[in-house]
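The listed protein sequences correspond, in order, to chains A and B.
Residue numbers for the first sequence follow the numbering used here, beginning at 19 and rising by one.
Residue numbers for the second sequence follow the numbering used here, beginning at 203 and rising by one.
The structure under discussion appears below in the form of structure tokens.
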Amino acid sequence: MDSWKVNPRVFWTLFTPGTFWLLLFFLIPLGWLFHDSFSDKISITETQFTGTLANYIRAFDAVYLTIIWKSVWISAVATALCLLTAYPIAFGICFAPAKWKPLLLLLVILPFWINLLIRTYALIAVFRTQGYLNLVLGWVGLGPYDMLYNDGAVIIGLVYVYMPFMVLPLYATIERLDRSFLEASLDLGGSQVQTFFKVTLPLTMPGIVTGIILVFIPCLGSFLTPAMLGGANAIMIGNVIEDQFKAANDWPFGSALSFLLMYVTFGALALRAFLASRSKGVDV
Amino acid sequence: MADAIVSLRNVTKTFPGGVKAVDNVSFDIAQNEFFALLGPSGCGKTTLLRMISGLETPTSGQIIIGGEDMALTPPNKRPTNMVFQSYAVFPHMTVAENVAYGLKVTGVPADETKRRVAEALEMVKLTHLAQRKPDQMSGGQRQRVALARALVKRPKVLLLDEPLSALDAKLRDEMRLELTRLQENVGITFIIVTHDQDEALSMASRIAVMDKGAVQQIATPSELYEQPTSRFIADFIGKVNLINAKVVSSSASKVVCDAKGLGRIELPHVGQAQGDIAIAVRPEKLKISEAQPKGASAIATEGKVRDVAYFGDTSHVVVRCKDDLELAVNVQNDKRAGGAGVERGQQVWIHWAPEDTLVLTE
Ligand SMILES: Nc1ncnc2c1ncn2[C@@H]1O[C@H](COP(=O)(O)OP(=O)(O)OP(=O)(O)O)[C@@H](O)[C@H]1O
Ligand SMILES: [Mg+2]
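Pasting the structure below:
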């Protein structure tokens with residue numbers, strides 16, 4: 019089966035369509051946005067390339083830096099909460115009886131089958147002032163509380179939406195973890211808690227890192243969740259970018275912000291690669 | 203046994219799904235014994251070992267270690283340590299960290315930990331690799347890390363699950379010697395699981411042979427080889443010629459039977475025998491000669507050489523006799539010339555002493 023390596027015609031036939039697709043629908047629009055980010059707005063619909071850095075300089079305005087910083091910490095908190103909730107879930111699935119595993123995994127990915135917008139409206143129905151949660155709290159004489167339209171609501175929403183991205187890689191690494199390492203730790207006198215922190219956690223670090231990246235990056239760029247759950251005061255960088263392409267109609271500035279966001283993401287990935295190269299023995 | 207360090211009382215393990223992995227096993231292991239659990243794959247050796255370590259809970263029965271019932275003692279509180287079949291050396295720790303792990307988690311002071319780790323590494327000759335990570339080591343070295351990691355805890359009982367099975371033949375021989383030497387030096391009771399009879403025979407002071415979850419016989423290596431109590435054991439330990447026979451008459455000290463290919467023979471045997479039995483004789487107890495042997499006491503039969511396999515020190519000869527009886531004979535090649543001294547197709551006599559024959563009623 020190495021004919022595709024031997025025969026260049028086969029190789030090019032297989033190679034071309036995919037490459038062409040990526041080129042057409044990914045690289046070209048991206049390049050165009052990159053080009054736009056160095057342009058000036060000359061009318062409502064037109065931009066002109068001038069090589070200006072004004073869009074980037076404007077992005078370092080305190081207003082936007084504050085929003086970027088807020089986006090980063092909201093995403094970080096949401097990612098951390100995701101990790102704390104997802105780890106026990108993934109652990110539970112791995113140690114559940116074999117016949118339950120497929121069903122439990124299905125439950126984790128089930129929300130994917132429902133439109134994000136509908137899921138977010140469902141969250142609103144649960145958390146709003148006359149919502150189901152307040153109804154239940156009312157039975158025990160609490161509330162009603164205003165739970166929506168603040169940073170906390172955005173974080174809860176992000177945790178809810180991106181949880182599966184954390185559970186799945188964690189599940190994959192914990193499932194692959196050789197149980198005899200845990201047994202060896204117990205046998206050598208380690209308690210369950212010591213075994214978890216000294217053996218299980220370090221050996222599942224690859225899954226943790228993958229999960230963090232898979233959750234943190236989309237959180238950082240999210241705009242639907244903060245727009246719907248956050249109200250006016252919980253705006254994130256994704257909403258600002260969306261505004262530039264829509265309401266403000268300032269594509270060059272929107273492009274510049276998008277690229278800055280992408281560089282932050284690259285920075286996170288580079289950090290991961292750096293950590294991976296340092297912790298040899300555990301393949302991250 | 204009064205000085206037993208490990209006592210099993212009617213230990214049974216049934217896995218969910220109904221597999222009876224260990225079936226009503228009882229025996230005692232004395233202080234400082236090198237005890238082997240031997241048996242074919244799937245007979246429940248690992249399960250038994252894991253129950254002693256506490257990693258598996260018996261369905262019923264009692265496990266007593268050092269005079270204490272272990273029913274409610276979790277693995278991290280038992281005076282046992284295990285060398286896993288896969289070694290389970292922690293990949294994210296160096297060799298020294300691996301060995302120190304069991305001391306650190308139980309709060310042994312740092313300076314004592316350091317000293318004992320150094321001692322343990324010295325013992326398994328790994329001092330020069332203390333700072334290595336396990337993925338930069340060979341299988342044999344990793345196995346010694348696992349050994350040091352368990353021994354540094356100074357357990358009352360060391361449990362080893364097929365410790366040599368992942369090593370190549372030469373290393374296995376070396377480690378076999380090293381394990382016996384180590385056991386003598388440290389004075390710890392070793393329980394080793396193996397499916398390799400040579401390993402068990404050469405290392406252990408006593409062997410329990412298991413089959414289908416039950417212990418078939420517990421004996422010293424030489425007893426097991428010369429006095430097996432059943433066909434299964436005779437066949438499992440070493441090579442043997444098993445010949446079906448029918449009892450004609452039996453008395454307190456001997457049995458007369460009709461054996462396939464041998465006719466009516468008289469054998470010394472203590473105990474009752476009747477009906478269908480098997481007689482067993484080891485290949486090295488048989489003699490080959492060209493002429494009919496003199497002396498009436500020997501059991502003798504005539505046959506044709508079917509096969510000669512040369513192994514350097516010995517030759518394995520297969521002779522086909524009357525009634526399609528095939529006998530395996532081991533011949534010592536004690537002269538440089540001539541090898542086994544027989545060749546394929548040759549007509550020969552085979553004979554042996556009745557007292558080298560075993561009567562197996564089970
Ligand atoms: N966790 C388990 N669940 C169900 N059945 C099991 C489990 N562990 C072992 N068994 C079964 O119990 C029996 C004994 O297994 P065990 O591992 O003790 O055998 P073994 O003698 O160590 O064999 P081997 O030499 O192949 O390692 C086997 O039939 C096995 O399939
Ligand atoms: Mg086993």
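Ideal Cβ positions, reconstructed from N, Cα and C, are used throughout, including at glycine.
Tell me the DSSP secondary structure of residue i in three-state form.
i: residue 553 of chain B; result: strand
i: residue 566 of chain B; result: Lying before the first or after the last residue shown, residue 566 of chain B is absent from chain B, which here runs from 203 to 564.
i: residue 347 of chain B; result: helix
i: residue 479 of chain B; result: strand
i: residue 211 of chain B; result: strand
i: residue 294 of chain B; result: coil
i: residue 185 of chain A; result: helix
i: residue 387 of chain B; result: helix
i: residue 92 of chain A; result: helix
i: residue 273 of chain A; result: helix
i: residue 254 of chain B; result: helix
i: residue 511 of chain B; result: strand
i: residue 63 of chain A; result: coil
i: residue 464 of chain B; result: coil
i: residue 356 of chain B; result: coil
i: residue 255 of chain A; result: helix
By a C-beta neighbour count over all protein chains shown, 10 Å radius and 16 as the cutoff for buried, is residue i buried or exposed?
i: residue 330 of chain B; result: exposed
i: residue 114 of chain A; result: exposed
i: residue 127 of chain A; result: exposed
i: residue 248 of chain A; result: buried
i: residue 180 of chain A; result: buried
i: residue 53 of chain A; result: exposed
i: residue 73 of chain A; result: buried
i: residue 303 of chain B; result: buried
i: residue 309 of chain A; result: No information on residue 309 of chain A is available, as it lies outside the stretch 19 to 302 that chain A covers here.
i: residue 301 of chain A; result: No answer about residue 301 of chain A holds up, because its pLDDT of 45 lies below 50 and its placement is not dependable.
i: residue 314 of chain A; result: Limits of chain A in this structure are 19 at one end and 302 at the other, which puts residue 314 of chain A out of reach.
i: residue 484 of chain B; result: buried
i: residue 455 of chain B; result: exposed
i: residue 252 of chain B; result: buried
Taking 9 Å as the CB-CB limit, is residue i close to chain A?
i: residue 367 of chain B; result: no
i: residue 278 of chain B; result: yes
i: residue 340 of chain B; result: no
i: residue 512 of chain B; result: no
i: residue 292 of chain B; result: yes
i: residue 322 of chain B; result: no
i: residue 345 of chain B; result: no
i: residue 304 of chain B; result: yes
Any C-beta of chain B sitting closer than 9 Å to the C-beta of residue i?
i: residue 299 of chain A; result: At residue 299 of chain A the pLDDT is 45, less than 50, meaning the model places this residue with poor confidence and gives no usable figure here.
i: residue 302 of chain A; result: Interpretation of residue 302 of chain A is limited by its pLDDT of 39, a score under 50 that renders its predicted location unreliable; no figure is taken from the coordinates.
i: residue 225 of chain A; result: no
i: residue 216 of chain A; result: yes
i: residue 41 of chain A; result: no
i: residue 295 of chain A; result: no
i: residue 66 of chain A; result: no
i: residue 140 of chain A; result: no
i: residue 209 of chain A; result: yes
Going by C-alpha distance, which of the options is nearest residue i?
i: residue 123 of chain A; options: A/108, A/78 and A/42; result: A/108
i: residue 359 of chain B; options: B/268, B/508, B/228 and B/562; result: B/268
i: residue 260 of chain B; options: B/240, B/298 and B/212; result: B/212
i: residue 480 of chain B; options: B/513, B/434 and B/274; result: B/434
i: residue 78 of chain A; options: A/275, A/295, A/296 and A/285; result: A/275
i: residue 490 of chain B; options: B/371, B/503 and B/303; result: B/503
i: residue 223 of chain A; options: A/144, A/118, A/148 and A/294; result: A/294
i: residue 353 of chain B; options: B/322, B/312 and B/266; result: B/322
i: residue 255 of chain A; options: A/85, A/51 and A/56; result: A/85
i: residue 57 of chain A; options: A/48, A/68, A/63 and A/47; result: A/68
Is residue i near residue j, with beta carbons less than 9 Å apart?
i: residue 346 of chain B; j: residue 336 of chain B; result: no
i: residue 176 of chain B; j: residue 431 of chain B; result: The structure shown does not extend to residue 176 of chain B, since chain B spans only 203 to 564, so no value can be given for it.
i: residue 247 of chain B; j: residue 412 of chain B; result: yes
i: residue 284 of chain B; j: residue 257 of chain B; result: yes
i: residue 97 of chain A; j: residue 234 of chain A; result: yes
i: residue 270 of chain A; j: residue 65 of chain A; result: yes
i: residue 521 of chain B; j: residue 545 of chain B; result: no
i: residue 442 of chain B; j: residue 450 of chain B; result: no
i: residue 134 of chain A; j: residue 242 of chain A; result: yes
i: residue 501 of chain B; j: residue 423 of chain B; result: no
Any heavy atom of ligand 3 closer than 8 Å to the CB of residue i?
i: residue 545 of chain B; result: In the structure shown, ligand 3 is absent; the only ligands present are ligand 1 and ligand 2.
From the beta carbon of residue i, is the nearest beta carbon of chain C less than 9 Å away?
i: residue 549 of chain B; result: Absence of chain C from the displayed structure is noted, the protein chains being A and B.
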